[in-house]
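Just below is one structure, and these are the notes that go with it.
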Amino acid sequence: MPVFYGLAQKVTALSDYDFDYQPQNSELIALEETLITPVLNGEQENGEESVKLHLSQISAVENGVEFWSVADEQRFNLALLSVRLLEGIYQQGY
Numbered sequence: 080m081p082v083f084y085g086l087a088q089k090v091t092a093l094s095d096y097d098f099d100y101q102p103q104n105s106e107l108i109a110l111e112e113t114l115i116t117p118v119l120n121g122e123q124e125n126g127e128e129s130v131k132l133h134l135s136q137i138s139a140v141e142n143g144v145e146f147w148s149v150a151d152e153q154r155f156n157l158a159l160l161s162v163r164l165l166e167g168i169y170q171q172g173y
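Counting from 80, one number per residue, gives the positions in the sequence shown under this note's numbering.
Right under this line is the structure:
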């Protein structure tokens with residue numbers, strides 16, 4: 080069993096406008112039926128050919144969406160960069 084160091088975080092993305100999100104699995108994102116934890120994520124990644132972003136408990140909120148995400152210490156900076164890019168795009172008015 081590999082040692083896994085990671086973190087879990089609840090993400091809430093809000094918009095000024097009402098939107099309809101359509102969750103779907105892709106080559107980069109895996110939607111989980113149960114709450115994903117850093118340990119479970121590490122175990123799943125150990126058996127995957129290519130690493131995916133695992134999201135769980137996706138739900139709609141007023142003008143937004145929220146979900147749980149996990150990251151390991153190596154991919155945390157990439158996840159943070161993507162959030163910062165999204166914030167920048169939003170502030171530009173797109």
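Yeah, the Cβ is synthetic: ideal placement off N, Cα and C, and Gly gets one too.
Note that the coordinates shown come from a computational prediction; the quantities given were computed from them, not determined experimentally.
Residue i to residue j span [Cα, whole Å]
i, j, result
"E112", "Q171", "34 Å"
"I137", "V144", "7 Å"
"E128", "I108", "14 Å"
"L86", "S161", "16 Å"
Nearest neighbour of residue i, chosen from the options [CA to CA]
i, options, result
"L114", "L159, E166, V149, R163", "V149"
"V90", "L159, Y96, E128", "L159"
"Y96", "V140, W147, E128", "V140"
"Y169", "A92, A87, L86, Q88", "A92"
"W147", "Q101, G167, Y100, L110", "L110"
Cβ neighbour criterion (16 or more within 10 Å) applied to residue i
i, result
"S135", "buried"
"F98", "exposed"
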